[in-house]
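One structure is given here, and the rest of the page talks about it.
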Amino acid sequence: MAKRVGMEVGIAAAEAVGLCNIDVAAVYPITPQSHIAEHLSNIVADGRINAEFITVESEHSSISSLCGASATGARTYTATSSQGLMFMHELLPIVSAMRLPIVMGIANRAVSGPLSIWNDHSDIMPQRDSGWITMFAENGQEVVDMTIQSFKIAEHKDVMLPASVNIDGFQLTHMVEPIEFPTQKEVNKFLPDRKPFATLHPDKPITMGAFAMPDRFAEVMKAKDVAIVNSKKIILEVWKEWEKQFGRSYNPVETYKAKDADVLLVTMGSMGETAEIAIDELQKKGVSVGLVKIRLWRPFPTEELKAAVKGAKVLAVTDRAVSFGGVSGPVGMEVKSLFYHEKDRPLITNYIMGLGGRDVTVEDFIKMAEKAVEAEKKGITEEYEFYGVRG
Amino acid sequence: MVKEKWQEVSPGCMVFTPGNAREYHTGSWRAERPIWDNTKCIKCGICYIFCPEACIGQDADGYFMADLDYCKGCGICAQECWPGAIEMVEEG
Amino acid sequence: MNIVENFDLFAPRLVDKKEYFTSGHRSCQGCGEALAVRLMCKALGEDVVISCATGCMEIVSSMYPATAWEVPWIHVAFENAAAVGAGVEAGLKALRRKGRIPDRYIKSVAMAGDGGTADIGLQALSGAMERGHDMLFVCFDNEAYMNTGMQRSSQTPFGASATTSPAGKVSYGQKTWKKNVPEIMVAHNIPYVATACPSYPLDFMRKVEKAKNIKGPTYIHCLSVCPTGWRSASNTTIKVGRLAVETGIFPLYEVENGKYRITVDMPEPLRPVEDYLKLQGRFRHLKSVEIEMMQERVDLEHRKLMNKVNNLQSWEELEEEGAILEVWESVLAGSEGYIE
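Residue numbers (this note's numbering), protein chains in the order written: chain A, 1 to 391; chain B, 392 to 483; chain C, 484 to 823.
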């Protein structure tokens with residue numbers, strides 16, 4: 001078993017990429033992703049990996065150039081954040097439509113304006129419908145593990161879709177955490193060279209990126225949707241394989257002391273660990289509350305979430321992004337819609353919190369849980385609430 | 392062309408049959424067709440070079456002709472044929 | 484008949500007979516751009532990967548499940564052909580170095596229309612050229628957004644009536660002069676920049692071949708007559724292109740390692756611009772005062788170009804050590820000291 005090392009999570013993400021025998025990386029710097037970009041370029045500059053590092057002039061070109069590189073059969077990686085991700089937005093559905101298994105690390109950060117370099121999920125949420133496999137890491141170890149897993153999942157012949165690993169900006173990217181790295185040999189065993197379905201090469205000329213007329217477009221969309229829905233099966237297989245080889249288990253939905261709890265907090269990303277402490281304190285006081293953490297955002301873990309919350313009376317879903325003028329926050333909407341057809345559906349409250357780097361403390365989670373307990377008695381009065389906003 | 396079911400759509404809309412656009416015959420767009428007068432043709436091939444459709448070829452005797460499956464009747468060949476061997480004739 | 488035309492007579496015997504951009508593509512009748520692409524492909528041959536921007540050539544050639552391409556070809560979006568081409572180059576380079584594809588040189592070629600090059604695609608193009616990718620970028624310039632219906636671009640010429648710079652009661656159409664993209668490319672200190680036009684097919688194909696064989700970023704700006712958008716007769720495509728050159732409106736030249744050279748002689752004096760304008764409906768509204776303005780500017784641009792042709796030295800001539808060329812070599816070598 002490898003030794004644990006203390007390392008900044010952003011650096012660790014780059015180290016993880018360094019273990020994956022990538023062929024091409026194209027990264028444009030943006031806070032708080034820049035340590036990933038810098039450290040990955042160090043790894044290349046030191047000759048530790050045999051890869052091309054394209055110092056692109058924008059995020060738009062980082063993802064574009066990786067389209068070209070991935071289409072030749074290369075294993076490719078990029079990382080970005082916030083405005084950079086927004087700038088890439090145009091390309092994201094094209095990448096998945098072209099079935100290019102690009103892996104991207106996202107140091108989640110608020111989207112302007114006003115400009116904020118701090119953490120929330122308002123950058124990834126607008127990418128929700130892009131057809132990318134989307135995971136959220138809770139700590140540094142998960143960042144490393146998920147980065148390596150992502151290549152295997154994305155490149156699987158029954159998947160062939162891009163994947164993103166979401167890492168809360170600063171609150172996770174800049175934390176120094178104890179991390180256990182697999183050895184190069186172990187990664188090589190887990191993740192062999194990419195075997196592309198088809199490549200751009202004169203020996204077998206193919207056309208990639210043809211356009212579709214109305215008589216075909218809908219079939220293409222259906223095929224893409226089925227591909228990402230079915231990718232969950234492969235994700236589960238890969239996670240099982242990971243557990244077998246490395247001993248750490250991964251599930252689309254994780255629970256913490258959730259069994260038989262009346263109220264369940266629902267989180268996504270690094271705040272899960274803070275919420276755990278709140279659950280401990282509440283349970284000590286005898287409050288029937290537990291925690292559910294969504295790790296896999298796309299494809300959405302429908303069955304797993306239903307199973308995880310079975311029997312709960314109230315779900316307190318937290319959101320770190322706003323769908324302005326919408327029914328709820330993005331996660332709130334997703335969860336609510338999931339339970340509409342259920343006979344014994346829980347009440348669902350929705351708290352929008354932690355925007356633009358605003359601290360969410362143990363105390364805050366306790367308050368949210370208590371509000372949810374109250375909602376059980378009084379019923380739901382509003383679809384969502386900006387938690388902790390002055391005024 | 393048979394319309395695919397969604398299960399039959401090629402992943403990423405990749406096309407594995409290079410040049411299969413040939414199955415579509417653009418010749419139906421044509422209002423005029425080029426007619427070669429081989430008595431004037433010097434087999435220089437300028438018509439072949441300037442054809443945007445890549446549809447002008449040579450017969451066994453080296454004279455040029457257009458593949459009417461594809462010729463859109465633009466008239467570039469007739470315009471550029473300096474010995475004046477090509478005439479554009481209205482489609483009947 | 485001038486010398487160039489006579490030379491072209493022997494063209495068929497000199498070119499690759501294989502078609503890489505096949506019949507059955509859906510371009511308009513008499514499309515100068517389709518012809519240019521066809522000729523470019525002949526000059527490039529088989530060992531290429533083409534990255535194509537959204538635009539006319541993408542739409543006419545790749546209606547799923549059909550393709551007019553016989554070479555590996557990829558389309559991703561409108562403004563990023565240069566970035567995609569850069570990635571193709573990087574991918575092929577890495578995979579070849581690692582022994583995962585056959586050890587053979589394959590050229591990455593990116594292509595776009597004038598919008599995808601000079602306007603929305605300029606950033607990606609500049610980035611790719613600046614970084615020194617071993618790739619050729621070809622701009623097929625039909626002087627407006629033809630695929631969306633003839634809206635003006637930065638390449639639409641002065642005086643032309645485009646659908647977003649229409650001639651009207653108080654407007655003579657496009658008021659700006661064509662942005663000089665070849666000159667912007669020259670400013671990137673890349674080893675080869677050229678202008679071309681399929682009306683001079685051998686000149687064009689020679690330039691493509693030359694660019695293909697240069698290791699490093701190269702750029703060709705190809706004037707592509709668009710009968711639909713220029714409102715010219717479809718059979719005059721070659722003639723209009725020829726007049727663009729003979730009037731000095733679109734001179735054909737190349738800049739190799741900083742040295743300018745006219746590759747197709749222009750008549751002296753130049754033919755009046757009116758000869759070019761009168762074949763095209765997009766200039767039909769122009770009055771003599773605007774035509775005079777245009778003539779003056781063309782004369783000025785011609786003198787500017789000839790000034791460069793006559794006075795600028797190549798990098799080899801300027802530098803004892805050939806430092807710029809050495810820099811390119813090191814850029815291309817990359818991390819592995821890998822030089823073709």
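For glycine and all other residues, C-beta sits at the position ideal for the given N, C-alpha and C. Values in this document were obtained by computation on a predicted structure and should not be read as measured data.
With respect to the C-alpha of Ala469/B, the residue from Thr720/C, Ser591/C, Ala679/C, Leu575/C having the closest C-alpha is Thr720/C. Taking a beta-carbon distance threshold of 7 Å, Tyr454/B does not count as an interface residue toward chain C.
By the C-beta density criterion, Ile426/B is exposed, having fewer than 16 other C-beta atoms within 10 angstroms.
By the CB criterion at 7 Å, Leu264/A and Gly290/A fall inside the cutoff. Counted as a single uninterrupted DSSP element, the beta strand (DSSP E) harbouring Leu264/A occupies residues 263-267. DSSP, read as helix, strand or coil, puts Met789/C in helix. For the stretch 194-207 of chain A, the residues whose beta carbon sits under 9 Å from a beta carbon of chain C are, in order, Arg194, Thr199, Leu200, His201, Pro202, Asp203, Lys204, Pro205, Ile206, Thr207. About 11 Å separates the beta carbons of Ala316/A and Ala261/A, which is beyond the 8 Å limit, so they are not a contact pair. Taking the beta carbon of His508/C as reference, the chain B residues within 7 Å of it are Ala412, listed in sequence order. Listed in chain order, the alpha helix (DSSP H) elements of length 4 or more contained wholly in the stretch 730-817 of chain C are 756-760, 771-794, 798-801, 806-816.
Taking the C-beta atoms as reference points, Ala25/A is found nearer than 7 Å to Phe53/A. For Val567/C, the residues of chain A that pass the 7 Å Cβ criterion are Ser64, Ser65, Cys67, Gly68, in the order they occur in the chain. For Gly515/C, the enclosing alpha helix (DSSP H) stretches over residues 515-527. For Lys378/A, the enclosing alpha helix (DSSP H) starts and ends at 362-378.
Taking 7 Å as the cut-off, the beta carbon of Ile102/A is found closer than this to the beta carbon of Leu66/A. A distance below 7 Å separates the beta carbons of Thr550/C and Thr207/A. Contact annotation: the stretch 57-71 of chain A touches the stretch 566-577 of chain C, with at least three C-beta pairs closer than 8 Å. Your pair Val756/C and Val781/C checks out as a contact, with CB atoms roughly 6 Å apart and the cut at 8 Å. Against Trp420/B, chain A offers no close residue; the least beta-carbon distance is about 18 Å (beta-carbon pairs closer than 7 Å). In the structure shown, Lys293/A adopts extended strand secondary structure according to DSSP, grouped into three states.
In this chain, the beta strand (DSSP E) harbouring His704/C covers 701-706. The beta carbon of Arg765/C lies closer than 6 Å to those of Ala643, Ser644, Trp713, Arg714 in the same chain, with the five residues before and after it left out. If only complete runs of 3 or more residues are kept, the stretch 61-106 of chain A shows the beta strand (DSSP E) at 76-80, in order along the chain. When Cβ-Cβ separations below 7 Å define contact, Arg99/A makes contact with chain B. For Trp660/C, the CB contacts under 7 Å within the same chain, skipping 5 residues up- and downstream, are Phe641, Arg780 in chain order.
Membership of Thr318/A in the beta strand (DSSP E) is indicated by the continuous run 314-319. In the three-state reduction of the DSSP assignment, Thr147/A falls in the helix class, which pools H, G and I. In this structure, Ile745/C places its C-beta atom within 7 Å of the C-beta atom of Tyr736/C.
A Cβ-Cβ distance of about 13 Å is found for the pair Pro674/C and Glu613/C, leaving them out of contact under the 8 Å criterion.
One Cα belongs to Leu795/C, the other to His785/C, and the distance between them is close to 15 Å. Taking C-alpha positions only, Asn563/C is separated from Gly209/A by approximately 13 Å.
Taking the Cα of Tyr384/A as reference, the smallest distance to any Cα among Lys377/A, Asn350/A, Glu374/A is reached at Asn350/A. Contact annotation: in the stretch 427-445 of chain B, residues whose CB is within less than 8 Å of a CB in chain C are Cys435, Gly436, Ile437, Tyr439, Ile440, Phe441, Cys442, Pro443, Glu444, Ala445.
Taking 8 Å as the upper bound for CB-CB distance, Val664/C and Ala601/C are in contact here, some 5 Å apart. In the DSSP assignment, Leu619/C falls within the unbroken beta strand (DSSP E) covering 618-624. Inter-residue distance for Pro750/C and Gly731/C is about 9 Å (C-alpha atoms, whole angstroms).
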